[in-house]
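Encoded as structure tokens, the structure appears first; notes follow it.
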Amino acid sequence: MTATTGAANAAVTLTATSVTSVYTSNVTTADLHKTNDPTKELDDVKVTPQIIKGSLKDGANAAVPVEFFAYCVDIFQSSGPTTFNVVSLADYLGGNATKLNRITALIAAEGASEGKLHDAAVQLAVWELINETLTTPDIDKYTTYTSEKYYDWWSHSWKYRQVATTPPQFWADGVKNGSGVLANTDSFLSAAVADAGKPTPGLNLYVAKSNTKQDFLFWTITPPAVPEPATWAMMLMGFGSIGYAMRAKRGKSVVSFA
């Protein structure tokens, strides 16, 4: 499958008939703050990946029924069924190599579903890497302090005081049902920065995007030594408990081709 731009490339669409949360009981929630452009403040956002069911159509090829695990990349829309356009993550990010390499490293290391708290931390890390404008990603609020000179009328002298300033950024707080999630998120982010740009053979990242519903990140793993050009039916999607590189400790994939 080729989800790239250009007139010569056939459109890839994903028609989702069902979009549901992976976790529905005692779901981790958080307050999200985006003070860079555009600005957004959201309270008690469910921090959980999604299961999307529907059919995927690659150009003139017949549609393939699919069910897959995905992370949200869009905090500005609500989730729900619709027809998505599928593009490469590189195109979705407008060629931002830094974000691309960091998200790729994150998914390569932590994309496999390992439970509610782990997956919540990965979801927050995805949002942080997508939305952050500061040089170093950090899910916590970053505050700087500067010295300000002022005149103290009581002592009739000039003094200095520390003034807090908050540069435009993205952060999360107010976490509920998520003990340790913020710390794990920062750990995943640090590893993603350290591993950014390292080879991830066979890992292909895509975004299903829509103007009316949340955009979702998903990926495929191209098996080695495939004798013919890989098609959707020949690829293994790296969702759920299969994870990147199909690590032996993982269980079966949640992906199905009906």
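Read in my numbering, the sequence shown has 78 at position 87, and its numbers run on one by one without any break.
Glycine residues also receive a C-beta, built at the ideal position from the N, C-alpha and C atoms.
Measure the alpha-carbon distance for residue i versus residue j and round it to whole angstroms.
i: Q41; j: T30; result: 25 Å
i: K189; j: D131; result: 26 Å
i: W149; j: T156; result: 22 Å
i: F207; j: Y151; result: 49 Å
i: A221; j: K167; result: With a pLDDT of only 49 at A221, under the threshold of 50, the placement of this residue in the model should not be trusted; the figure read from the coordinates follows. So the alpha carbons of these two residues sit roughly 42 Å apart.
i: A199; j: T11; result: 15 Å
i: G71; j: Q205; result: 7 Å
i: S9; j: T124; result: 33 Å
So, helix, strand or coil for residue i, using DSSP?
i: V166; result: strand
i: V38; result: coil
i: F207; result: strand
i: F75; result: strand
i: Q68; result: coil
i: A2; result: coil
i: S12; result: strand
i: D110; result: helix
i: A53; result: coil
i: I130; result: coil
i: A7; result: strand
i: K189; result: coil
Which one of the options has the shortest CA to CA distance from residue i?
i: N122; options: S79, T134, F67; result: F67
i: P159; options: W145, G171, T126, Q153; result: T126
i: L47; options: Q205, D35, Y197; result: Y197
i: A187; options: A53, V13, A99, V78; result: A99
i: C63; options: I43, P128, A53; result: I43
i: A112; options: S170, E58, N17, G193; result: S170
Given that a residue counts as buried once 16 or more other Cβ atoms are within 10 Å of its Cβ, and exposed if not, what is residue i?
i: S265; result: Given that the chain is displayed from residue -8 to residue 249, the structure contains no residue 265 and the question cannot be resolved.
i: D49; result: buried
i: A2; result: exposed
i: P56; result: exposed
i: W144; result: exposed
i: Q153; result: exposed
i: N202; result: exposed
i: L33; result: exposed
i: A51; result: exposed
i: D164; result: exposed
i: D28; result: exposed
i: T134; result: exposed
_Pairs of beta-carbons, one from the stretch 88 to 101 and one from the stretch 177 to 186, closer than 8 Å: are there three or more?_
yes
*Report yes or no: do three or more beta-carbon pairs, one from the stretch 136 to 146 and one from the stretch 110 to 119, lie closer than 8 Å?*
no
*asked:* Would the stretch 15 to 32 count as touching the stretch 207 to 217 if we require 3 or more Cβ pairs under 8 Å?
replied: no
*Do three or more CB pairs link the stretch 68 to 83 to the stretch 168 to 175 at distances below 8 Å?*
no
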